[in-house]
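Structure first, then comments.
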Amino acid sequence: MSQKTDLERLEKQRSSHRGQVTKLISKAENRLTNPDVEIDELEGLLIQLQTKDEQLKSIDSKIENVLDLTEIESEIEKIDEYNEDIVFTSV
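Those letters in the sequence shown? Residues 1 to 91, by the UniProt record's numbering.
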């Protein structure tokens, strides 16, 4: 496979996982507004979020390996911004 095809495939995977993370974050935020929320439910959401974070880090690493040197800095900035959302939700 060409490098461009690999990059497109990885970016598609990342996009899908990011969409799932967004849904998990929204679900967690909604549950936190409910005073009767069960701790087990929040812990389950946190575990799912941590798993997605690990998957995204793996994909991001693969993306960095196929990027041109000129694109790496910009990509890392985007990755860091997205990771901040995950970290702040996990806290």
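Virtual Cβ for every residue (Gly too), placed ideally from N, Cα, C.
Asked                                                                   : Found
The alpha helix (DSSP H) that contains Ser-2, what's its start and end? : Note, Ser-2: premise wrong, no alpha helix (DSSP H); not H, not E.
Under 8 Å between the Cβ atoms of Arg-14 and Ile-59?                    : yes
Helix, strand or coil for Leu-67 per DSSP?                              : coil
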